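Structure first, commentary second.
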Amino acid sequence: HRGTFEHTGRVEGTVVGSSGDSWRGAITWDLDEAFGWEILNGDLDDAEFFVEFGQVRSIERVESGSRVTLRDGRTFLLTDSQDVDRGNRGVRVEGEDGERVVRWADFRELRIDT
Numbered sequence: 044h045r046g047t048f049e050h051t052g053r054v055e056g057t058v059v060g061s062s063g064d065s066w067r068g069a070i071t072w073d074l075d076e077a078f079g080w081e082i083l084n085g086d087l088d089d090a091e092f093f094v095e096f097g098q099v100r101s102i103e104r105v106e107s108g109s110r111v112t113l114r115d116g117r118t119f120l121l122t123d124s125q126d127v128d129r130g131n132r133g134v135r136v137e138g139e140d141g142e143r144v145v146r147w148a149d150f151r152e153l154r155i156d157t
């Protein structure tokens, strides 16, 4: 299903670390996806799952992958992809207080602005 392309600009949001600290700003997921038209992917049960970042409300790290909640409220557990598991290279946050990369091991959640 193709969205209406209303969220195609730069991804903005808040990253929460495992320590509880949070950082807000422009987001680059896995150090290479920064715009709403780019794709987050992973396995959902036995199928490959692809969704535009513009359709994502939040991504939460869980033991075996990530819990992804879409803007319409649906939630999926995605696994077996660099985008959603320990293969993730980190989440860059470019905010008012500078730029930081939150490593996957230190990442808890991304809340994307609406």
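Per the working numbering, the sequence shown starts with residue 44, numbered consecutively. Every residue, glycine too, gets a C-beta built ideally from N, C-alpha and C. Because the structure is a prediction, the values reported are computed rather than measured.
Fill in: Own chain partners of ILE82 with C-beta closer than 8 Å, once the 5 adjacent residues on each side are dropped
Same-chain partners within the cutoff: GLU76, PHE93, VAL94, GLU95 and PHE96.
Practice prompt. Have a look at GLY138, VAL134 and ASP88 and flag the residue whose alpha-carbon is nearest the alpha-carbon of GLY60.
Written response: Just measuring C-alpha positions, the residue of GLY138, VAL134 and ASP88 sitting nearest GLY60 is VAL134.
Item to complete: Whole angstroms is fine: what's the gap from GLN127's alpha carbon to GLU106's?
Response: Checking the sequence, you will find Val at residue 127 rather than Gln. Computed Cα separation, rounded: 11 Å.
Worksheet item: Do you know offhand how far GLY79's Cα is from ILE70's?
Response: If you take the alpha carbons of GLY79 and ILE70, they lie about 10 Å apart.
Discussion item. Output needed for ARG100: all residues of its chain with C-beta closer than 7 Å, excluding positions within five of it in sequence on either side, in chain order.
Written reply: For ARG100, same chain residues with a beta-carbon under 7 Å away, outside a window of 5 residues either side, are THR112, LEU113, ARG114 and ILE155 in chain order.
Item to complete: Determine the closest residue to GLU6 out of GLY63, LEU121, GLU137 and SER62, with distance taken between C-alpha atoms.
Response: Beyond the ends of the chain as shown, which are 44 and 157, falls residue 6; an answer cannot be given.
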